[in-house]
Amino acid sequence: MSQLRSTLAIVGVLATAISLSACTATNTMGGMNRDDSSSPSSENSTPFNDSDVTFAMGMVPHHKQAVEMVDMILAKEGIDAKVIDIATRIKAAQEPEIKELTSWLEAWGSPMGSMPGMSGMGGGMMSGDDMDKLDAATGAAASKLFLEQMTTHHKGAITMAESEVADGENPAAISLAKDIVSSQTAEITEMADILESLG
């Protein structure tokens, strides 16, 4: 009888050990599954295509020239206050966009300068002569010339941005392109009003 009790006790201990072992294995596997689901296998890689690269490659030098034009007009005396205001806002908007566009190109393996012939593309770009004229202009004439040139510049940017919206794949690039179309269209209207007020 005592031998039977001993046997039953051993069986009970073994059953408990097996049960505990199974629980531990289940919990461990559960933990492994959770780790797998949060592993880098689902890396945050956003899609892009040639249109995205072309857009960024063209928009970086386009924006840089706009900032250069702003710097020219802000360095002059006798510039209309409304011109100073819109010029300042243009620079404030476009400098962060240059950084954003440049970071995308690096992430896409197409940093500026890696594709010769593309860095200067983009409609509405001012020629060297245009920039010289703006640099030499003074007072009211400079205010008017800046507005006229920046209007042409903006129209080129809008055309580039509309192409990106139509053909791009990267969500962030398309979103930026839409913002450019919206903001620069509004600025064109504002610049036309300022030009009219200058007579």
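Going left to right, the sequence shown walks through residues -24 to -1, 1 to 175 as mature numbering (1 follows the signal peptide of the UniProt record, and there is no 0) numbers them. Idealized CB from N, CA, C, for every residue including glycine.
Quick one: give me the first and last residue of the alpha helix (DSSP H) that residue i is part of.
{"i": "Lys131", "result": "115 to 143"}
{"i": "Ser173", "result": "147 to 174"}
{"i": "Asp106", "result": "104 to 112"}
Within this structure, are the beta carbons of residue i and residue j separated by less than 8 Å?
{"i": "Phe31", "j": "Ala142", "result": "no"}
{"i": "residue 217", "j": "Gly100", "result": "Only positions -24 to 175 of the chain appear in the structure, and residue 217 is not among them; the question remains open."}
{"i": "Met45", "j": "Ala133", "result": "no"}
{"i": "Leu110", "j": "Met33", "result": "no"}
{"i": "Met167", "j": "Leu121", "result": "no"}
{"i": "Leu174", "j": "Ser119", "result": "yes"}
{"i": "Glu71", "j": "Val43", "result": "yes"}
{"i": "Asn146", "j": "Asp28", "result": "yes"}
{"i": "Ile164", "j": "Ala137", "result": "no"}
{"i": "His148", "j": "Thr22", "result": "Checking the displayed sequence, the identity of residue 148 turns out to be Ala instead of His. Taking 8 Å as the Cβ cut-off, Ala148 and Thr22 qualify as a contacting pair."}
{"i": "Lys58", "j": "Ile170", "result": "yes"}
{"i": "Lys52", "j": "Thr114", "result": "yes"}
{"i": "His39", "j": "Ile74", "result": "yes"}
{"i": "Ile55", "j": "Ile49", "result": "yes"}
{"i": "Gln125", "j": "Asp106", "result": "yes"}
{"i": "Ala69", "j": "Ser159", "result": "yes"}
Checklist entry - Could you give the uninterrupted runs of the alpha helix (DSSP H) lying entirely in the region 42 to 90, keeping only those of 4 residues or more? => result Counting whole runs of 4 or more residues, the region 42 to 90 contains the alpha helix (DSSP H) stretches 57 to 83.
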